[in-house]
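If you read the sequence shown in the working numbering, its first letter stands for residue 66, the second for the next number, and so on. Glycine is no exception: its CB is placed at the ideal position from the N, C-alpha and C atoms. Source: prediction; values computed, not measured.
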Amino acid sequence: MLYFNSCPKCSKGTIEYSEDSQGKSITCLMCGFSKNSFSNSPRSSSRRNKSKIS
Ligand SMILES: [Zn+2]
């Protein structure tokens with residue numbers, strides 16, 4: 066899948082999005098920026114956002 070003008074680095078590049086059994090990865094075809102989510106699972110996010118109003 067391709068996303069035009071959505072590179073977080075150069076902001077004009079075409080992002081190629083790929084997904085497989087390992088995870089998801091994006092690569093910018095213009096500047097070469099790449100990022101994947103193979104090893105960081107955002108499941109250990111413990112929310113401590115309790116705001117007590119008393
Ligand atoms: Zn880019």
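State the Cα-Cα distance for the pair Phe69 and Ile118, rounded to the nearest angstrom. 44 Å
If you measure from the CB of Met66, is any heavy atom of ligand 1 nearer than 7 Å? no
Cβ neighbours of Gly88 in the same chain (closer than 7 Å, five flanking residues each side left out): Hits under 7 Å: Asn101, Ser102 and Phe103.
For a test of your reading of the model: does the CB of Gly78 fall under 7 Å from any non-hydrogen atom of ligand 1? Yes or no. yes
So for Ile118, helix, strand or coil by DSSP? coil
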